[in-house]
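At position 239 of the sequence shown the residue is numbered 239 (full-length UniProt numbering), and the sequence of numbers has no breaks.
The beta carbon of each residue, even a glycine, is placed where N, CA and C say it ideally should be.
Since we're looking at a predicted model, the values are computed, not measured.
Note sheet for the following structure.
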Amino acid sequence: MAGLASDGSNPDVGLLYDINGLAKDAPSWFDRIMSFTGEYGIMLAMVLVVLWCWWSVRRRGSAEDSVTAVAGLAWAPLAAGIALLVNIPIRGFVERPRPFNDHQLEVLVAGKTDFSFVSDHATMAMAIGVGVFVANRRFGLAAIGLALAEGFCRVYMGVHYPTDVVGGFALGTAVALLLAPVALALLTPLVSAIARSRRAGWLVRSRKAPARERHETLDIAEPRLGSGSASGTGENDLAA
Numbered sequence: 001m002a003g004l005a006s007d008g009s010n011p012d013v014g015l016l017y018d019i020n021g022l023a024k025d026a027p028s029w030f031d032r033i034m035s036f037t038g039e040y041g042i043m044l045a046m047v048l049v050v051l052w053c054w055w056s057v058r059r060r061g062s063a064e065d066s067v068t069a070v071a072g073l074a075w076a077p078l079a080a081g082i083a084l085l086v087n088i089p090i091r092g093f094v095e096r097p098r099p100f101n102d103h104q105l106e107v108l109v110a111g112k113t114d115f116s117f118v119s120d121h122a123t124m125a126m127a128i129g130v131g132v133f134v135a136n137r138r139f140g141l142a143a144i145g146l147a148l149a150e151g152f153c154r155v156y157m158g159v160h161y162p163t164d165v166v167g168g169f170a171l172g173t174a175v176a177l178l179l180a181p182v183a184l185a186l187l188t189p190l191v192s193a194i195a196r197s198r199r200a201g202w203l204v205r206s207r208k209a210p211a212r213e214r215h216e217t218l219d220i221a222e223p224r225l226g227s228g229s230a231s232g233t234g235e236n237d238l239a240a
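The following block contains the structure:
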């Protein structure tokens with residue numbers, strides 16, 4: 001399978017040339033930006049989205065909502081790690097060379113000697129994106145958008161075929177979704193226990209959350225307002 005997509009008539013190769021051709025026509029400073037973005041920048045942005053989502057879900061909704069969301073966020077990087085492990089035997093089986101070995105491309109990042117299918121960056125980015133989507137749709141859509149941008153950058157840089165990226169998206173999505181029920185069944189009780197901890201509870205539920213919801217987290221019953229005054233009124237009426 002090493003010759004996969006090596007024929008120039010293949011639409012995969014045609015799209016590769018179309019996207020990578022943008023790098024040939026772009027100024028060198030822009031290519032440097034794209035190189036950094038595709039190699040490090042988008043993944044850093046993905047981490048910031050996860051942290052922003054974590055900071056947000058700790059402050060909103062009920063305590064149960066926070067536990068569920070934080071468990072989902074914890075699953076996102078774990079899903080990415082599992083997907084990368086699954087990709088190791090896939091790469092060894094397919095043995096697809098990097099596209100610049102068979103085609104005249106504008107390569108923005110030199111030194112890539114491993115196999116091409118499937119893209120690790122695309123796999124990791126989409127696994128995190130889908131994992132965040134499981135926890136919070138709004139932040140998840142932003143993370144998935146970053147994953148799509150990561151895939152474009154990898155082709156633009158000349159280090160992956162488009163189908164390498166699509167395969168990475170499929171692998172990351174499959175791992176994040178198919179294993180999510182089992183992962184959340186294991187993570188949710190752990191996160192719930194952390195939420196009840198006095199020292200580590202802030203990792204799940206902000207201390208600045210509304211008072212009613214903090215009581216809910218600590219299993220403290222709400223005081224019944226007016227019960228004392230009603231009793232006092234009754235006693236005054238009897239005295240009268």
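Excluding five sequence neighbours on each side, which residues of the same chain lie with their C-beta closer than 7 Å to the C-beta of residue i?
{"i": "ALA71", "result": "LEU184, LEU187, THR188 and VAL191"}
{"i": "VAL109", "result": "SER35, GLU39, MET157 and VAL159"}
{"i": "ASN136", "result": "CYS53, VAL57 and ALA69"}
{"i": "GLY129", "result": "GLY140, ALA143, ILE144, LEU146 and ALA147"}
{"i": "ASP219", "result": "Caution is warranted here: a pLDDT of 42 is assigned to ASP219, below 50, making its placement in the model unreliable, and the coordinate value is therefore given only provisionally. There are no such residues."}
{"i": "ASN87", "result": "VAL118, ASP120, THR123 and LEU171"}
Which class does residue i belong to by DSSP, given the choice of helix, strand or coil?
{"i": "THR123", "result": "helix"}
{"i": "ASP114", "result": "coil"}
{"i": "residue 273", "result": "The requested residue 273 is not part of the displayed model; the chain covers only 1 to 240."}
{"i": "GLU222", "result": "Note on GLU222: pLDDT 42, under 50, position unreliable in the model; the coordinate value appears next. Coil at GLU222, not helix or strand."}
{"i": "PRO11", "result": "helix"}
{"i": "ARG96", "result": "coil"}
{"i": "GLU106", "result": "coil"}
{"i": "ALA74", "result": "helix"}
{"i": "LEU179", "result": "coil"}
{"i": "PRO189", "result": "helix"}
{"i": "ARG60", "result": "coil"}
{"i": "VAL86", "result": "helix"}
{"i": "PRO27", "result": "coil"}
{"i": "SER197", "result": "coil"}
{"i": "SER206", "result": "coil"}
{"i": "TYR161", "result": "coil"}
{"i": "ASN101", "result": "helix"}
Cβ atoms of residue j and residue i: under 7 Å apart, would you say?
{"i": "GLU106", "j": "GLY158", "result": "yes"}
{"i": "PHE169", "j": "MET124", "result": "no"}
{"i": "ALA69", "j": "VAL57", "result": "yes"}
{"i": "SER66", "j": "VAL175", "result": "no"}
{"i": "GLY131", "j": "TRP55", "result": "no"}
{"i": "ALA83", "j": "LEU171", "result": "yes"}
{"i": "ASP12", "j": "PRO162", "result": "yes"}
{"i": "residue 242", "j": "PHE115", "result": "Here the chain has residues from 1 to 240 only, and residue 242 is not among them."}
{"i": "PHE117", "j": "GLY151", "result": "no"}
{"i": "SER206", "j": "ARG59", "result": "yes"}
If I measure Cβ to Cβ from residue i and keep anything under 8 Å in the same chain, skipping five residues before and after, which residues do I get?
{"i": "residue 244", "result": "This structure does not reach residue 244, given that the chain is present from 1 up to 240, and the question cannot be answered."}
{"i": "ALA79", "result": "ALA127, ILE128, VAL130, GLY131, GLY172, VAL175, ALA176, LEU179, ALA180 and ALA183"}
{"i": "LEU48", "result": "none"}
{"i": "ALA200", "result": "ILE194"}
{"i": "LEU22", "result": "TYR156"}
{"i": "TRP202", "result": "ARG58"}
Return the chain-ordered list of same chain residues with a C-beta closer than 6 Å to the C-beta of residue i, the five sequence neighbours on each side being excluded.
{"i": "VAL134", "result": "GLY72 and ALA180"}
{"i": "ALA211", "result": "Here the model assigns ALA211 a pLDDT of 47, short of 50, so the residue's position is not dependable, and the following value carries that caveat. Hits under 6 Å: none found."}
{"i": "LYS112", "result": "ARG98 and VAL159"}
{"i": "LYS24", "result": "GLU106"}
{"i": "PHE30", "result": "none"}
Do the stretch 136-153 and the stretch 192-199 meet, that is, are 3 or more Cβ pairs less than 8 Å apart? no
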